[in-house]
Amino acid sequence: MCGITAAITLQRSGSVNGANGNADLNERSTLHQQLQKSLESIAHRGPDASGVWISDDGTIGLGHARLAINDLSPDGVQPLHSDDGKIHAVVNGEIYDHDAIRERLMREYGYKFKGHCDSEVLVALYKIYGAPGFFEHLRGEFSFVVYDENDGRVIVARDRFGIKPMFGTLQGEGASKRMLLTSEMKGFRALGWEPEWNVHGLLSGSSMQAHNTVFKDVWKLNPGTWMEISMDGEVQHHQYWDPDFNDKREVETRTVDDMIVEVRQRLIEAVKLRLRADVPVGIYLSGGIDSSVIAGIVTKLVREEGIKLGNQDATKRIHCFTIQFPEASGFNEADIAERSAEWLGVQILKKDMDEAALADNFADAVYHTEHHNFDLNSVGKFCLSTLPREHGVPVVLTGEGADEHFAGYPFVLPAFLMEPDAAWPQSTMTDEVRGDMFKEMSQDLKEMFDRIGMFEDESSSGAPNNSMRLEPEWNAFSPWVRETYKAPGFGEVVFPPRFSGR
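In structure tokens form, the structure reads like this:
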């Protein structure tokens, strides 16, 4: 991971390409100091190098703290610039398969790369395809800020699943109003931002929804979206990606075996792409099936296909890392991880944890998480992250995201099966006509519900009446789901007992 910080003056009309002349040297010096101090506050994200770039007119400031993974030379230090010097960027994350992209852009477009850093590929793709066109060619985990001198636009984006963070807030008024951007909210402090608790967000539950954060007027850029800031200060949000689900009305022709083969092929490809690095790469191994699968694939690729694990020949030594709790805690999976490592023939290193260690590291974990925590998982992960670094391994593969992709959490399956089915099988009207009628009926019902306070606005002064939301019986399993996914335990019970008379 790397760290990004940026300050963008919103009203920049007429200043493109320095048309308004150079900014006052004192102003640029002050901005440079602010950005540098901001980077120091997030230096743990990028301890290998840092850099700051400021436009001649002082309206754009970009800062970057680097964790060197690909191209360890000074050529990989950011901010990055296009081969014509007109496009400037700071990038956090990694662009996968960058070698193939680089070779194609050089061959087809004659682009001149400065080095071999994967992030430089992003700048080249933007120059050639522009936004939003270049998103089709970006595969990886990333967040970035791009400034294009040619039209004065600033492009801010985040990867499809929001793996890499991007926070923003507004500061000042009028001509001096600017947008601040950073990888961690603590980076705003050096830019003159004063934190204020977002009380509603803190009380909203165990997780922050949508773009909310624990601080007032600080937001997260949503995954799969990009933000465009024009020279006149107009800010537009665009979505470049959204999960694509199969049409539930189409008959599934693939067999279970076919699906297993497809998943396996995609997993192997995904792991291959993530093994490419100019530094050592390790694996987080728990007692779960997700990380065990990753470790198994890595072992096969390294030993049977001779693929390097980062920059090292790991045919005899694959480093796995796990966390170990006392047996009496009921949370210890180290024994399972150790058996998996023994079966795979890899080395496993353990981080010992107990209640005292969790308590001692809780404050630091919250500081780095910048989020309210409903359990101690983040503390354990924070402590575990120190182990690879102690052994000279700055990159690790994990099984994170498997439960989200494959509905591994217990609460996911019921929510999926309880998809509301608005179909009216007895109706001979078209979908369009039924939709219009349903919309009209919904509006009429809303007026009635509003009058009796059925759905109070959460910002109103009165106590909200959420009685309709507290009736799970309003949900019924969709017939297509029952027929397609006959999960154990659901049987033939379709409607809640109250409705079926049982």
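In the working numbering, the protein residues as written are 1077 to 1578.
Every residue, glycine too, gets a C-beta built ideally from N, C-alpha and C.
Treat the numbers as computed from the prediction; the structure is a model and nothing was measured.
Item: Assigned secondary structure, N1102 (DSSP; H/G/I helix, E/B strand, else coil); Value: helix
Item: Residue interval of the alpha helix (DSSP H) (run including N1288); Value: Unbroken run through N1288: none, as it is neither H nor E.
Item: Three CB pairs or more closer than 8 Å across the stretch 1342-1351 and the stretch 1311-1324; Value: no
Item: Beta-carbon spacing of P1155, A1165 below 8 Å; Value: yes
Item: Local conformation of T1258 per DSSP, three classes; Value: strand
Item: Of the residues S1367, G1079, V1332, N1322, the one placed nearest E1170, counting alpha carbons only; Value: G1079
Item: Rounded separation between Q1519 and H1276 - CA only; Value: 29 Å
Item: Bridge partner(s) assigned by DSSP for I1080; Value: H1140
Item: Pairwise C-alpha distance: D1323 and F1575; Value: With a pLDDT of 38 at F1575, under the threshold of 50, the modelled position of this residue cannot be trusted; read the value that follows with caution. The straight-line gap from Cα to Cα measures roughly 29 Å.
Item: For Y1071, the three-state DSSP class (helix, strand or coil); Value: Since the displayed the chain opens at 1077 and closes at 1578, residue 1071 lies outside it and no answer follows.
Item: DSSP three-state assignment for W1269, whether helix, strand or coil; Value: coil
Item: Distance, I1412 Cα to Q1112 Cα; Value: 45 Å
Item: Same chain only: Cβ atoms within 6 Å of L1434, ignoring 5 sequence neighbours per side; Value: L1452, V1455
Item: Helix, strand or coil at S1219 according to DSSP, with G and I counted as helix; Value: strand
Item: Alpha carbon of D1133 to alpha carbon of T1085, nearest angstrom; Value: 10 Å
Item: Alpha-carbon spacing of E1338 relative to Y1172, whole angstroms; Value: 20 Å
Item: Chain-order list of residues whose beta-carbon lies under 6 Å from that of N1274 (same chain, five-residue window excluded); Value: V1290, F1291, K1292
Item: C-alpha distance - W1295 paired with T1329, whole-angstrom precision; Value: 43 Å
Item: Residues bridged to W1302 [DSSP beta-bridge criterion]; Value: A1233, H1314
Item: Closest Cα partner of D1308 within the set A1266, R1236, D1430, S1252; Value: S1252
Item: Segment contact flag, the stretch 1217-1235 with the stretch 1297-1312, C-beta cutoff 8 Å, min 3 pairs; Value: yes
Item: Helix, strand or coil at S1126 [DSSP, three-state]; Value: strand
Item: Exposed unless 16 or more other CB atoms sit within 10 angstroms - verdict on E1260; Value: buried
Item: Closer than 7 Å: H1174 CB and nearest the ligand ATP heavy atom; Value: As presented, the structure is devoid of all ligands, the ligand ATP included, so that no description of it is given.
Item: For H1395, the three-state DSSP class (helix, strand or coil); Value: strand
Item: Sub-8 Å separation of D1124 and L1138 beta-carbons; Value: no
Item: Outcome for L1546 when other beta-carbon atoms lying within 10 angstroms are tallied against a minimum of 16; Value: In this prediction, L1546 has a pLDDT of 35, which is less than 50 and means its spatial position is unreliable; what the coordinates show is noted afterwards. So L1546 counts as exposed.
Item: Bridge-paired residues (DSSP) for D1224; Value: I1163
Item: Residue range of the unbroken beta strand (DSSP E) whose run includes F1243; Value: 1243-1247
Item: Test item: CB-CB of L1425 and G1372 under 8 Å; Value: no
Item: For G1171, the residue or residues it bridges with in DSSP; Value: Reading the sequence as shown, one finds Ile at residue 1171 and not Gly. The partner list for I1171 (beta bridge, DSSP) reads G1216.
Item: Inter-residue spacing [alpha-carbon to alpha-carbon] between M1077 and F1514; Value: 48 Å
Item: Exposure label - E1249; buried when at least 16 CB within 10 Å; Value: exposed
Item: Cut-off 6 Å between Cβ atoms - residues of its own chain near Q1388, not counting five sequence neighbours on either side; Value: P1356
Item: Cα-Cα separation, R1415 to L1361; Value: 11 Å
Item: Beta-carbon proximity list for T1445, same chain, < 6 Å, skipping 5 on both sides; Value: S1454
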